[in-house]
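Residue numbers (the numbering used here): 35 to 476. Ideal Cβ positions, reconstructed from N, Cα and C, are used throughout, including at glycine. Take a look at the structure below.
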Amino acid sequence: MGVAVDRMRKARGQKVVLSCSSVEDAKKIEERLKIRGADLKVAKPEMRLPTVIIRDVLRVNSDEDIVRSLRTQNRHLSEGLDWDKVRARVCYRRRARNDLECHPVLEVSPELYHRLIKAGFVYVGLQRRPVWDQSPLVQCSRCLGYGHGKRYCKEVSERCAHCGGEHTGVTCRARKDGEPPKMRGVLLAAGALAAEDRTHTAEGSSTEGCTDRVSLRFMQSNLQRSKLATTELLVEAARRKIAVAIVQEPYIGNIGELRRYPGCRVVQKTAPRRGPVKAAIMVLSSDVDVEEDQTLNGENVAAAVIKAGNCRIGVVSVYFEGDMPIGPERNDARGVDLCDFLDSEGLHILNEGNTPTFEVYRGDRLLKSVVDVTVQPALLDRAEGWQVVRDVTSSDHNAVTFAVRVEGRSGPRPLVHESTIRQRLDGPSSQQPWMLLLMNGL
Numbered sequence: 035m036g037v038a039v040d041r042m043r044k045a046r047g048q049k050v051v052l053s054c055s056s057v058e059d060a061k062k063i064e065e066r067l068k069i070r071g072a073d074l075k076v077a078k079p080e081m082r083l084p085t086v087i088i089r090d091v092l093r094v095n096s097d098e099d100i101v102r103s104l105r106t107q108n109r110h111l112s113e114g115l116d117w118d119k120v121r122a123r124v125c126y127r128r129r130a131r132n133d134l135e136c137h138p139v140l141e142v143s144p145e146l147y148h149r150l151i152k153a154g155f156v157y158v159g160l161q162r163r164p165v166w167d168q169s170p171l172v173q174c175s176r177c178l179g180y181g182h183g184k185r186y187c188k189e190v191s192e193r194c195a196h197c198g199g200e201h202t203g204v205t206c207r208a209r210k211d212g213e214p215p216k217m218r219g220v221l222l223a224a225g226a227l228a229a230e231d232r233t234h235t236a237e238g239s240s241t242e243g244c245t246d247r248v249s250l251r252f253m254q255s256n257l258q259r260s261k262l263a264t265t266e267l268l269v270e271a272a273r274r275k276i277a278v279a280i281v282q283e284p285y286i287g288n289i290g291e292l293r294r295y296p297g298c299r300v301v302q303k304t305a306p307r308r309g310p311v312k313a314a315i316m317v318l319s320s321d322v323d324v325e326e327d328q329t330l331n332g333e334n335v336a337a338a339v340i341k342a343g344n345c346r347i348g349v350v351s352v353y354f355e356g357d358m359p360i361g362p363e364r365n366d367a368r369g370v371d372l373c374d375f376l377d378s379e380g381l382h383i384l385n386e387g388n389t390p391t392f393e394v395y396r397g398d399r400l401l402k403s404v405v406d407v408t409v410q411p412a413l414l415d416r417a418e419g420w421q422v423v424r425d426v427t428s429s430d431h432n433a434v435t436f437a438v439r440v441e442g443r444s445g446p447r448p449l450v451h452e453s454t455i456r457q458r459l460d461g462p463s464s465q466q467p468w469m470l471l472l473m474n475g476l
């Protein structure tokens with residue numbers, strides 16, 4: 035026939051799959067089989083649709099209920115979308131830790147897939163749940179390459195998934211010494227992107243002969259002990275390419291501390307502790323070095339030095355626990371003492387704009403206030419783009435994002451960030467000695 039067949043393999047169901055080098059050769063084979071093979075069926079393989087996974091959905095929702103919720107409850111997805119041409123179906127369900135929940139995996143059309151990944155969450159019934167990519171990807175455990183398994187690998191020697199050397203992970207010395215992973219071919223969970231993806235070009239910066247443009251992105255948020263909000267933060271941090279997340283009241287479960295997520299280093303108070311952890315720093319970039327001293331960390335305070343480029347950034351996460359709920363705007367002793375402390379230490383507040391960092395409806399009343407604060411020394415040319423971002427998590431606290439330039443200076447300069455300072459708390463502050471120690475120590 036004069037055709038070139040690249041590959042032929044046997045498939046399940048008494049099928050044979052042929053791969054040709056050109057479309058013309060495939061058509062010739064198809065025509066010849068239709069003429070001579072009366073009892074053979076010839077068909078082109080269907081293109082696989084992308085898949086997504088919705089986390090922690092109640093099992094009581096049927097497959098039809100989940101698809102119906104996508105159509106009717108998610109206006110941020112359906113705008114301008116022709117649902118008659120969109121395909122969405124539940125392929126299977128994965129088990130969750132909670133027996134009453136599951137992780138449904140859906141096969142969706144490409145346009146709907148992009149909208150789901152961009153949104154990062156969907157509404158299903160009475161739940162707001164995160165959406166992750168679930169596209170199948172085959173990775174070789176021998177050479178760590180993609181597109182084939184170990185059975186079809188042509189490499190002779192194995193590569194370490196931790197450091198990339200020509201040895202197995204069991205005998206890796208770097209892994210035994212506790213060094214961070216250096217192999218970027220390994221798939222990590224949401225929130226573990228490469229460091230170069232977490233840097234960005236600052237708006238308004240020149241690209242010629244200027245190194246001030248390289249910045250690290252920060253996010254700070256109070257998660258209110260919510261497992262969902264903590265998961266949403268990781269998903270949103272991956273989408274926004276956040277390098278460091280400064281969090282308060284993260285989800286700790288029954289272990290009393292923030293768990294170690296894959297690809298994420300957590301700075302927090304380790305055991306022994308007097309109580310659960312309420313302040314932590316999550317370093318999401320594997321190429322950013324971290325220095326920490328456990329003598330500076332407490333249940334309500336976490337401190338670390340972030341080293342990126344030629345810049346050393348002192349980061350402090352502080353949580354003030356209140357004796358009363360957030361109410362009407364008024365000054366109290368703790369807020370006045372805090373302002374005096376900031377003035378005496380030469381610290382400047384980065385907060386700007388009128389968007390509140392805390393918003394919640396209680397009955398028919400909308401309570402809002404600015405209870406999350408970011409401060410730094412008088413090096414205001416380092417930080418940029420401070421803003422309050424709504425709808426990042428399901429917490430009542432809005433998230434705060436900003437960037438810090440890490441290159442373009444002659445020498446390292448310390449920069450201190452303090453977050454979540456509640457100004458409406460009565461009585462003396464037991465965290466003020468910690469603040470003084472941390473500010474002076476960094």
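Take residue i and list the residues in its own chain whose beta-carbon comes closer than 6 Å to its own, dropping the five residues that flank it on each side.
| i | result |
| --- | --- |
| S12 | This structure leaves residue 12 out entirely; the chain is present only between 35 and 476. |
| S175 | K184 |
| E326 | V301 and A338 |
| F375 | none |
| N432 | T391, V422 and R424 |
I need the boundaries of the beta strand (DSSP E) containing residue i, first residue and last residue.
| i | result |
| --- | --- |
| E325 | D323 to E325 |
| T106 | Careful: T106 lies outside any beta strand (DSSP E), inside the alpha helix (DSSP H) at D97 to T106. |
| D40 | V39 to A45 |
| H137 | E135 to V142 |
| E393 | F392 to R396 |
| K18 | Limits of the chain in this structure are 35 at one end and 476 at the other, which puts residue 18 out of reach. |
| R185 | Looking at the DSSP string, R185 is not in any beta strand (DSSP E), and its letter there is neither H nor E. |
| D167 | Q161 to D167 |
| V158 | F155 to V158 |
| T202 | No beta strand (DSSP E) holds T202; DSSP gives it neither H nor E. |
| T5 | Limits of the chain in this structure are 35 at one end and 476 at the other, which puts residue 5 out of reach. |
From residue i to residue j, what does the alpha carbon distance come to, in whole angstroms?
| i | j | result |
| --- | --- | --- |
| V350 | V339 | 9 Å |
| V124 | D99 | 10 Å |
| M469 | P284 | Because the pLDDT of M469 is 31, which lies under 50, any placement of that residue in the model is unreliable, and the question is left without a value. |
| P164 | V37 | 49 Å |
| R46 | K78 | 16 Å |
| Q282 | Q48 | 58 Å |
| V422 | V404 | 10 Å |
| R127 | R396 | 36 Å |
| P170 | T265 | 22 Å |
| L222 | Q173 | Unreliable positioning characterises L222 in this predicted model, as indicated by a pLDDT of 30, which lies under 50. The coordinate reading is nonetheless provided below. Spanning the two alpha carbons is a distance of roughly 13 Å. |
| R294 | A314 | 11 Å |
| G290 | V51 | 54 Å |
| P296 | R70 | 56 Å |
| L160 | N256 | 23 Å |
| K275 | R251 | 7 Å |
| T85 | Q168 | 5 Å |
| G114 | S143 | 15 Å |
| N132 | M253 | 29 Å |
| A437 | G419 | 6 Å |
So, for residue i: in the same chain, excluding its five sequence neighbours on each side, which residues have a beta-carbon less than 8 Å away from its beta-carbon?
| i | result |
| --- | --- |
| G203 | C194, A195, H196 and R209 |
| S260 | Y285, T427, S428 and S429 |
| D323 | I340, K341 and A342 |
| V370 | none |
| S477 | Residue 477 lies beyond the residue range present for the chain, which begins at 35 and ends at 476; the question has no answer from this structure. |
With a threshold of 7 Å on Cβ separation, who are the neighbours of residue i within its own chain once the five nearest residues in sequence on each side are excluded?
| i | result |
| --- | --- |
| S191 | E200 |
| D430 | Q258, F392, E393 and V394 |
| H110 | A153 |
| R177 | Note that residue 177 corresponds to Cys in the displayed sequence, not to Arg. The answer, listed in chain order, is C187, E189 and R193. |
| F155 | R162, R163, P164, V165 and E266 |
| R93 | L134, E135 and C136 |
| K68 | V76 |
Return the first residue and the last residue of the alpha helix (DSSP H) that residue i is part of.
| i | result |
| --- | --- |
| D425 | Per DSSP, D425 belongs to no alpha helix (DSSP H) and is neither H nor E. |
| I208 | In the sequence as displayed, the identity of residue 208 is Ala instead of Ile. Segment R207 to K210, the alpha helix (DSSP H) holding A208. |
| V405 | It is not in any alpha helix (DSSP H) - V405 carries neither H nor E in the DSSP assignment. |
| I289 | Run containing I289: none; DSSP gives neither H nor E here. |
| R439 | Per DSSP, R439 belongs to no alpha helix (DSSP H); it is in the beta strand (DSSP E), A433 to R439. |
| V57 | V57 to R70 |
Check: Of all the alpha helix (DSSP H) runs that stay within the bounds of the region 250-280, which reach a length of 4 or more residues?
Finding: 261-274
Note to self: Quick test of the definition: if touching needs 3 or more C-beta pairs under 8 Å, does the region 111-121 touch the region 170-187?
What the structure shows: no
Check: For the region 293-356, which segments carrying the beta strand (DSSP E) assignment without a break, of at least 3 residues, lie completely within its bounds, in sequence order?
Finding: 299-301, 313-317, 323-325, 335-342 and 345-352
Margin query: Going residue by residue through the region 104-132, where are the continuous alpha helix (DSSP H) segments of at least 4 residues, counting only ones entirely within it?
Written below: 109-112
Margin query: Within 8 Å, do at least three Cβ pairs link the region 402-410 to the region 380-392?
Written below: yes
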